[in-house]
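Structure first, commentary second.
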Amino acid sequence: MAEPSVVPDHPPATVVEEPLRPASPWWRSGVVYQIYPRSFADLDGDGVGDLPGIRARLEYLRWLGVDALWLSPIYRSPMADFGYDVSDHCDIDPLFGTMHDFDALLRDAHDLGIRVLLDWVSNHTSDQHPWFVESRRSRRSPKRDWYIWRDGSPDRPPNNWRAAFGGSAWAHDDRTDQWYLHLFLPEQPDLNWANADVEAAMHDVLRFWLDRGVDGFRADVVHLIGKDPALPDQPPELADRDLVSVHDHPGTHELLKRVRKVLDEYTGDRMMVGEVNLESVERIAPYYGDRDQLNLVFNFSPLHAPWDAATWRDAIEAVVVTLHPRRAWPTWVLSNHDVPRHRSRYGGSLQRARAAAVLLLTLPGTPFLYQGEELGLLDADVPADRRVDPGGRDPCRAPMPWSADPPHGWAARPWLPWPPGPARHAVETQQRDATSILRLYRDLIAARRRSVALAVGDWTPLDTADGVLGYRRRAASDQRTVLVNFTDRPRRVELDTTPVVDISSVRRGEGEPFTGQLPADGAVVLR
622 MAEPSVVPDH
632 PPATVVEEPL
642 RPASPWWRSG
652 VVYQIYPRSF
662 ADLDGDGVGD
672 LPGIRARLEY
682 LRWLGVDALW
692 LSPIYRSPMA
702 DFGYDVSDHC
712 DIDPLFGTMH
722 DFDALLRDAH
732 DLGIRVLLDW
742 VSNHTSDQHP
752 WFVESRRSRR
762 SPKRDWYIWR
772 DGSPDRPPNN
782 WRAAFGGSAW
792 AHDDRTDQWY
802 LHLFLPEQPD
812 LNWANADVEA
822 AMHDVLRFWL
832 DRGVDGFRAD
842 VVHLIGKDPA
852 LPDQPPELAD
862 RDLVSVHDHP
872 GTHELLKRVR
882 KVLDEYTGDR
892 MMVGEVNLES
902 VERIAPYYGD
912 RDQLNLVFNF
922 SPLHAPWDAA
932 TWRDAIEAVV
942 VTLHPRRAWP
952 TWVLSNHDVP
962 RHRSRYGGSL
972 QRARAAAVLL
982 LTLPGTPFLY
992 QGEELGLLDA
1002 DVPADRRVDP
1012 GGRDPCRAPM
1022 PWSADPPHGW
1032 AARPWLPWPP
1042 GPARHAVETQ
1052 QRDATSILRL
1062 YRDLIAARRR
1072 SVALAVGDWT
1082 PLDTADGVLG
1092 YRRRAASDQR
1102 TVLVNFTDRP
1112 RRVELDTTPV
1122 VDISSVRRGE
1132 GEPFTGQLPA
1142 DGAVVLR
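Last residue of the sequence shown: 1148 in my numbering, with the numbers rising by one and none dropped.
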């Protein structure tokens, strides 16, 4: 079995001063790191990441400086959708370990000052969950109404809704001659949140984990839990789109208020960030409520934005203008387990990935990192015979390389191929290089800790040269200026002062007066 390498205590390129952390809640100023457990670290030698592997790498995450981990699903599951088809919400899948392993991970993370968030799969379960097994037993089952069943002819579903993975969102059950709703795979039947017993049971799931000490949750596709009981057809102009990207029922908000009350039963700033797959910040804003629904809502506009200064400025301004009057706190994310990695989306450029790191970690709101982005990982090339995900998301889920030599810190050949260049992108390799993108991420996170302006300050756009995004972050007497060149040519920027370069994406000129020159696809933080 491969032992995890020791994380050397390399000092950052910039001096880490005494942190100036603003008052609670922690999630306003913190940095959250998403772990996709299958691909993070394997300690038992089966080629699949596990909880002991994550536990063995906690020192690395403390070294990086993140405040919290979000674990993608680790519950018991048949793995039709790699854990998002849950068969037992209150147990650990043996693939990842045991409840003892989880408790040990949680304890050690807390000892290191790292909080732990779990993925709460709220809209659906596995078709092998005991609730659904009982529900489909007969039309008279006491749990029949725990899921959404409707009549219809065997060749015509109850409405025209489409599933996220294609085809109808309805599956016919021959045994009871009814259809059940599944907005994802047929193996993922939708729960009926209009049933009070379902709502109570899902609240109990939250309490089970909160009682164990978890710090919060990422709520999977939580905007889908409220549904119009009439289940009307989608209008013709939306009939060819899956419901996940357009569903927005007002009943969800009352459900979320009651979910929030469950969280508020507990001390310690427990929180929930919601996945709301709607297309604009104006549509996600209501899911904050009057600060009585979700604490945070994912803003996915960066996942679809090209590497373009004007597009990014418009996206940031839309967030600030929409959320600030609500006193709602934004989120920012460049990559996750569902989309191609941003370096791949940006044409594979490492320079752009470095500049994007500066952008992400200096925006007003809570940044979420996806494992491996701090290494500058690209999507993997996954041959047809190794593809396993029904949604084609295998490339962005490739394993983390920890050391330069094969098997790169893993105990066995991993379940998916390596991303390109595992040796040069490995954690061990980059920790030794003060100019690496990993060290850049670490220094940017440290900069947020020592600057209340970067952590929670106001955001003001600046007039800059074409292709350059500039903005100022300010809180009381603390101020930082950020400049990002989105072009492939150097740009000159005129400022009314001569600030000092705090951090440069290309690691040149730090600690010196800013000359006004921005390199191609380069970014700076000025103080």
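Where is the CB? At the ideal position from N, CA and C, for every residue including glycine.
Distance check between P1022 and each of N780, P1043, P1004, G1012 places P1043 closest, using alpha-carbon atoms only. Bounds of the beta strand (DSSP E) holding T1081 are 1079-1083. I695 carries a coil assignment under DSSP once its states are collapsed to helix, strand and coil.
Fewer than three pairs of CB atoms, one per stretch, sit closer than 8 Å, so the region 909-916 makes no contact with the region 926-941. Annotated three-state conformation of I1124 is strand, per DSSP. Membership of Q1051 in any beta strand (DSSP E) is not indicated; the residue belongs instead to the alpha helix (DSSP H) covering 1048-1052. Per DSSP, reduced to three states, the secondary structure at R1093 is strand.
About 4 Å separates the CB atoms of A792 and P807; that is less than 8 Å, so the two are in contact. In the assembly as shown, K848 is a buried residue. Its beta-carbon has 16 or more other beta-carbons within 10 Å. With fewer than 16 other Cβ atoms from the protein chains shown falling within 10 Å of its own Cβ, G787 counts as exposed. Taking 4 residues as the shortest admissible run, the region 960-1033 contains the following complete alpha helix (DSSP H) segments, listed from N- to C-terminal end: 963-966, 971-981. With fewer than 16 other beta carbons inside 10 angstroms of its own, G1013 counts as exposed. Here the C-alpha atom of S762 lies approximately 19 Å from the C-alpha atom of H745. Here DSSP, grouped into helix, strand and coil, assigns W648 to helix. DSSP places V1146 within a strand segment (E or B) once states are collapsed to three.
Contact between the region 816-823 and the region 864-875 is absent, with fewer than three C-beta pairs closer than 8 Å.
Going by beta carbons, V669 and L716 fall inside the 8 Å limit. Distance from the CA atom of A977 to the CA atom of R966, rounded to whole angstroms, is 12 Å. Per DSSP, V941 is one residue of the alpha helix (DSSP H) stretching across 930-944.
For T873, the enclosing alpha helix (DSSP H) covers residues 872-885. For M892, the three-state secondary structure derived from DSSP is strand. In this structure, DSSP gives G674 a helical state, which the three-state scheme calls helix.
By the Cβ-count criterion, S1125 is buried, with 16 or more other Cβ atoms from all chains shown falling within 10 Å of its own Cβ. According to the DSSP secondary-structure assignment, L1065 is paired through a beta bridge with no residue. Around the CB of V1009, fewer than 16 other CB atoms lie within 10 Å, so the residue is classed as exposed. Every unbroken stretch of the beta strand (DSSP E) spanning 3 or more residues and falling wholly within the region 730-760 is given here in chain order: 736-742. By DSSP's assignment, G837 forms a beta bridge with L738, M892. Taking every protein chain shown into account, the CB of F989 has 16 or more other CB atoms within 10 angstroms, so this residue is buried. Minimum Cα-Cα distance from R904 among the listed residues A784, A1047, S866 corresponds to S866. If you compare the alpha carbons of D863, A725, W648, Y657 with that of V687, the shortest gap goes to W648. Between L672 and I735, the beta carbon gap of about 14 Å keeps them out of contact (Cβ cut-off 8 Å). Annotated three-state conformation of L864 is helix, per DSSP. The three-state secondary structure of I713, taken from DSSP, is strand.
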